[in-house]
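These notes concern the structure reproduced below.
Residue numbers (the numbering used here): 279 to 881.
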């Protein structure tokens, strides 16, 4: 204990010397201190230590081996049920958070020590229990301090994990799951730029797929396989940020995954109405949801890393619908079946996948000046399913379906074969219900307006058609528009509503008095936007991460759904769908631009 206190005190003095407090010291005395440390006469865990002392010790190259040993002792003794890891003062016992702080900065050897320790344990294959302890502590640190994974990545944690997969004679289930938890936490926290030059992830990913993706056709996956599917989804997501692109290609074209997706989706689609009973609480439902999430991120990745490679219109029609694709993909009619018959969670995942597919088809049609390559009947059947979910109680599903409907309506302008609004009583009913709701007194709260936003997207799409149906004049007559404006205030004005009025303005639906009323509302809204602009710039709440020493597929699924929802692609140019006060301000400016162009054109 005396030696430990001596080392801690000396380290404090030397650490203060590094913080602009000049202190004279003897090099010979310091070598004696290092000798005491290296002879294991100093115990990091036996006494409280100041953070300045600890940091200085972790900056000394001469005692790295001893620090590795002390760190291993800490990992062995760490209680994984510990919840209080908050620092209350600078003089403390070592805990996960103090180590995580060291690892997260580049001015010490913290990250290097943990990576070296894992490498040493790999070489001593008999120490599996120690390896699991260290892996779990590292995963805990990454969870507590996401910035720690930056330094761990820079010091070769991926290379070490690759070595575990390729050099270890065998991995126990416990060790393998500890590695998977660490990999998931790293990939969910790391900045993409940190991984851009690291080729080790290709080998790591191939081994994970080899270990956990069944080569034979199955329709239910184990928890271990679902965990790996979650990791693969994260890798595909990162590829959209120009990193892990080669790694993503090994996933996208993996024949076992392609076959598995095809098998599970075909089995689910054939269940019909019975599919609703297979929710996330059942093995088949959980497997289907994970594969739908993987499919969504695969679509995003395909577009990002292989632009022009996929003929997206081929997902609408296929001469051989039973023939598997050459990459991960689900055809449109299967997505529609899952969307129609699936449980709430399946509906969410399927709706985002369908929206991504429709975005890609629209981009391809617009970029290549293509005609729509599918029959009117096929398109009408898709539209029927989407229309049935416009009023769905999950706003995400309803919004995605309305966005898809908006694109289908927009495709009418690109082909002479379809007149999708002829006899569309349901589409008219949707818009009529919206106008009546907006004009009803005492109903126009912000939350109510938000619930009606999916229907607004349908009205916008109809107003953008080359030929606007005559019934739109009766739906948006003068009294209806005036009733909506009476309920509209600066506090409940949304960007979607403003886009709707911009389209009404461009189509000469607005009177001079109504334009004046809108102008007054926009002036008030501008002041409100300026006031709230600082709040709009605040970072979003961090997405919840998986807890560390244990794992739960429900947590992984929730994380991936949050990730999908937060970063879902929305075509703001063609659909005019915006969120946030910045976008609202942009729409205000665009409305005034349209007003100046169309000045004098109102009725």
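For each residue, glycine too, the CB sits at the ideal point set by N, CA and C.
Margin query: Classify residue 287: buried if its beta carbon has 16 or more other beta carbons within 10 angstroms, exposed otherwise.
Written below: Sequence index remark: in the chain shown, residue 287 carries index 9 (1-based). Exposed: under 16 other Cβ atoms inside 10 Å.
Next item on the list: Using 10 angstroms around the beta-carbon of residue 658, count the other beta-carbons present and answer buried if the total reaches 16, otherwise exposed.
Entry: If you number the chain shown from 1, residue 658 lands on position 380. By the 10 Å Cβ count, residue 658 comes out exposed.
Note to self: Less than 9 Å between the beta carbons of residue 568 and residue 588, yes or no?
What the structure shows: In the chain shown, the residue the question calls residue 568 occupies position 290. In the chain shown, the residue the question calls residue 588 occupies position 310. Using a Cβ distance threshold of 9 Å, residue 568 and residue 588 do not count as a contacting pair.
Note to self: DSSP has residue 799 in a bridge; who is on the other side?
What the structure shows: For the purposes of this step, residue 799 is identified with residue 521 of the chain shown, where counting begins at 1. According to the DSSP secondary-structure assignment, residue 799 is paired through a beta bridge with no residue.
Note to self: Less than 9 Å between the beta carbons of residue 575 and residue 842, yes or no?
What the structure shows: Position 297 of the chain shown, counting from 1, holds the residue named residue 575. Position 564 of the chain shown, counting from 1, holds the residue named residue 842. Yes, the Cβ-Cβ distance between residue 575 and residue 842 is below 9 Å.
Checklist line | Outcome for residue 808 when other beta-carbon atoms lying within 10 angstroms are tallied against a minimum of 16 | finding: Translated into the one-based positions of the chain shown, residue 808 becomes position 530. Residue 808 comes out exposed.
Next item on the list: Enumerate, from N- to C-terminal direction, the unbroken alpha helix (DSSP H) stretches of 4 or more residues contained entirely within the region 610-650.
Entry: DSSP runs (the alpha helix (DSSP H)) wholly in the region 610-650: 610-619, 622-646.
Margin query: Measuring straight from C-alpha to C-alpha, what distance separates residue 523 and residue 486?
Written below: The residue labelled residue 523 in the question sits at position 245 within the chain shown. The residue labelled residue 486 in the question sits at position 208 within the chain shown. In a straight line, the C-alpha of residue 523 is about 17 Å away from that of residue 486.
Notebook entry, point to check: In chain order, what residues of the same chain have a beta carbon less than 6 Å from the beta carbon of residue 782, not counting five sequence neighbours either side?
Noted result: Reading the chain shown from its first residue, position 504 is the one you call residue 782. Non-local beta-carbon contacts of residue 782 in its own chain, meaning distances under 6 Å to residues more than five positions away in sequence, involve 788 in chain order.
Notebook entry, point to check: With distances taken between CB atoms, is the gap from residue 627 to residue 571 smaller than 9 Å?
Noted result: Residue mapping note: residue 627 aligns to position 349 of the chain shown, counting from 1. Residue mapping note: residue 571 aligns to position 293 of the chain shown, counting from 1. It is a contact, given that the beta carbons lie within the stated cut-off.
Note to self: Tell me whether the region 431-443 and the region 474-481 touch, counting them as touching only if at least three CB pairs, one residue from each stretch, are closer than 8 Å.
What the structure shows: They touch, by the three-pair rule.
Note to self: In this structure, how does DSSP classify residue 498 when only helix, strand and coil are distinguished?
What the structure shows: Taking the first residue of the chain shown as position 1, residue 498 is located at position 220. Note: residue 498 maps to coil in three-state DSSP.
Margin query: For residue 438 and residue 397, which I take to be in contact (beta-carbon distance under 8 Å), what is that distance rounded to the nearest angstrom?
Written below: In the chain shown, counting from the first residue as 1, residue 438 sits at position 160. In the chain shown, counting from the first residue as 1, residue 397 sits at position 119. Yes, residue 438 and residue 397 are in contact; Cβ-Cβ is about 5 Å, under 8 Å.
Notebook entry, point to check: alpha helix (DSSP H) containing residue 661: first to last residue?
Noted result: Locating residue 661 in the chain shown gives position 383, counting from the first residue. Element bounds for residue 661: 654-665.
Next item on the list: With residue 607 as the anchor, note down where its alpha helix (DSSP H) starts and where it stops.
Entry: Here the question's residue 607 lines up with position 329 in the chain shown. Per DSSP, residue 607 lies in no alpha helix (DSSP H) segment and is marked neither H nor E.
Next item on the list: Evaluate the contact criterion for the region 405-424 versus the region 455-463: three or more CB pairs, one atom per stretch, below 8 Å.
Entry: Touching, per the Cβ criterion.
Checklist line | Residues of its chain near residue 312, where Cβ-Cβ distance is below 6 Å and the 5 sequence neighbours each way are ignored | finding: The count along the chain shown starts at 1 and reaches residue 312 at position 34. Cβ within range, chain order: 340, 341.
Next item on the list: Could you tell me whether the Cβ atoms of residue 665 and residue 708 are closer together than 9 Å?
Entry: Counting from 1 along the chain shown, the entry for residue 665 is found at position 387. Counting from 1 along the chain shown, the entry for residue 708 is found at position 430. Inclusion of residue 665 and residue 708 in the CB contact set at 9 Å is warranted, their separation being smaller than that value.
Note to self: What would DSSP say about residue 867, mapped onto helix, strand or coil?
What the structure shows: Locating residue 867 in the chain shown gives position 589, where the first residue counts as 1. Helix, per DSSP.
Next item on the list: Can you have a look at residue 520 and say buried or exposed, based on whether 16 or more other CB atoms are within 10 angstroms of its CB?
Entry: Indexing the chain shown from 1 puts residue 520 at position 242. Flag for residue 520 reads exposed.
Notebook entry, point to check: Where does residue 646 land, buried or exposed, given buried means 16+ other C-beta within 10 angstroms?
Noted result: Walking along the chain shown from the start, residue 646 turns up at place 368. Exposed, because fewer than 16 other Cβ atoms sit within 10 Å of the Cβ of residue 646.
Checklist line | Given residue 401 as reference, the closest of 446, 800, 844, 471 once Cα atoms are compared | finding: Within the chain shown, numbered from 1, the residue matching residue 401 stands at position 123. Closest option to residue 401, Cα to Cα, is 446.
Next item on the list: Check whether the Cβ atoms of residue 420 and residue 377 lie closer than 9 Å to each other.
Entry: Within the chain shown, residue 420 is the residue found at index 142, counting from 1. Within the chain shown, residue 377 is the residue found at index 99, counting from 1. No, these two residues do not count as a Cβ contact at 9 Å.
Check: Candidates 488, 499, 686, 468: which alpha carbon is nearest residue 512's?
Finding: Taking the chain shown and counting its residues from 1, the one referred to as residue 512 is at position 234. Residue 468 is the option with its Cα nearest to residue 512.
Next item on the list: Compute the beta-carbon to beta-carbon distance between residue 318 and residue 354, rounded to the nearest angstrom, for a pair I have assumed lies under 8 Å.
Entry: Position 40 of the chain shown holds residue 318. Position 76 of the chain shown holds residue 354. Taking a contact as a CB-CB distance under 8 Å, the pair residue 318 and residue 354 does not count as one, their CB atoms being some 15 Å apart.
Check: Do residue 759 and residue 873 come within 9 Å of each other at the CB atom, strictly closer than that value?
Finding: Here residue 873 corresponds to residue number 595 of the chain shown, with the count starting at 1. Here residue 759 corresponds to residue number 481 of the chain shown, with the count starting at 1. In this structure, residue 759 does not lie closer than 9 Å to residue 873 by Cβ.
Note to self: Using C-beta distances below 6 Å, list every residue in its chain close to residue 825, excluding the 5 sequence neighbours before and after it, in chain order.
What the structure shows: On the chain shown, residue 825 is found 547 positions in, with the first residue counted as 1. Low confidence applies to residue 825: its pLDDT is 46, below 50, so where it sits in the model is not reliable enough to give any reading.
Margin query: Between residue 652 and chain D, is the shortest Cβ-Cβ distance under 9 Å, so that the two count as touching?
Written below: Given the protein chain composition of this structure (a single chain), no chain D is represented.
Checklist line | Cutoff 6 Å; reference residue 968; Cβ partners in own chain excluding five residues on either side | finding: Past the edges of the chain, shown from 279 to 881, lies residue 968, and the structure says nothing about it.
Check: Can you check whether the CB of residue 516 is closer than 9 Å to the CB of residue 470?
Finding: On the chain shown, position 192 is the one that residue 470 refers to. On the chain shown, position 238 is the one that residue 516 refers to. Yes, the pair counts as a contact, with Cβ atoms nearer than the cut-off.
Check: How many Å lie between residue 705 and residue 768 at the Cα?
Finding: For this step, residue 705 is matched to residue 427 along the chain shown. For this step, residue 768 is matched to residue 490 along the chain shown. Rounded to whole angstroms, residue 705 to residue 768 spans 29 Å at the Cα level.
Next item on the list: Tell me where the alpha helix (DSSP H) around residue 408 begins and ends.
Entry: Residue 408 sits at position 130 when you count from the first residue of the chain shown. Residue 408 -> alpha helix (DSSP H) spans 406-422.
Next item on the list: For residue 469, name the three-state secondary structure that DSSP assigns.
Entry: Your numbering for residue 469 matches position 191 in the chain shown. In this structure, residue 469 counts as coil in the three-state DSSP scheme.
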